[in-house]
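Each remark here refers to the structure printed beneath this line.
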Amino acid sequence: MEEQTRFGSIVEQADKSEFVGCKSQFIEIFYGMETTPVKDYIDDSFPGEWGTEDKDGNGVKVIRTTNFTNSGKLNLADVVTRSIEDRKVVRKQIKKYDTILERSGGTADNPVGRVVLFEEDNLFLCNNFTQVLRFKDVDPRFAFYALYYFYQTNRTAIRSMGSKTTGIQNLNMSKYLEIGIPNASDEDQKAFVTIAEQADKSEYYN
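If you count the sequence shown from 1, position 194 lands on 197 in our numbering, and the numbers rise without skipping.
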């Protein structure tokens, strides 16, 4: 009952603030809750594919980390196409609500490990600097938000998971997959996803 009351107050705060501070609401709602490692929720995971130059214009759209935004959304205004074997396209096409993880890249201000939520219905792959995370036994959108807010609030921990080679940060996947996702009920997961999605639509978000 205490958790229900607390969650209700958070929803009311979101309503009053036009969904400002969704990140802090996530922390307030789920702080201290027991967690389960990401790896236990993985249904499928695979690195992206780069293929070869699309010479005939019949290539597949491939998402790069340049299509990532810091708000967890994709900017698909400039998407390259690449020639990729059919069997790899079948194996590695991204499904709606998959999380795409930046496993190589990063900058001085933004360590490697950013995530974006894939919300498209069309055929896309992602490049070999990324990793697709497909979830089971948890709302995939809630899992994404858990990882997104972890990245935003635990930069030191995220930085410790990266190692540099030739100027590029590479994410230690074994360490990353130990990140905990709160053991929220199905109802609380859905309720927070609703708040977060409304926040995403608000011009006041972040």
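Idealized CB from N, CA, C, for every residue including glycine.
Asked                                                                   : Found
CB-CB length for N113 against N73, believed under 8 Å                   : 7 Å
Cβ neighbour criterion (16 or more within 10 Å) applied to Y148         : buried
C25 beta carbon less than 7 Å from that of A202                         : yes
Distance CB(F127)-CB(I66) smaller than 7 Å                              : yes
Candidates G109, R90, T102 and A80, of which the one nearest K276 by Cα : In the structure as shown, the chain starts at 4 and stops at 209, and residue 276 therefore has no counterpart that could be examined.
I97 - containing alpha helix (DSSP H), residue span                     : Careful: I97 lies outside any alpha helix (DSSP H) and carries neither H nor E.
K64 to Y34 span [Cα, whole Å]                                           : 39 Å
Bridge-paired residues (DSSP) for P50                                   : Q134
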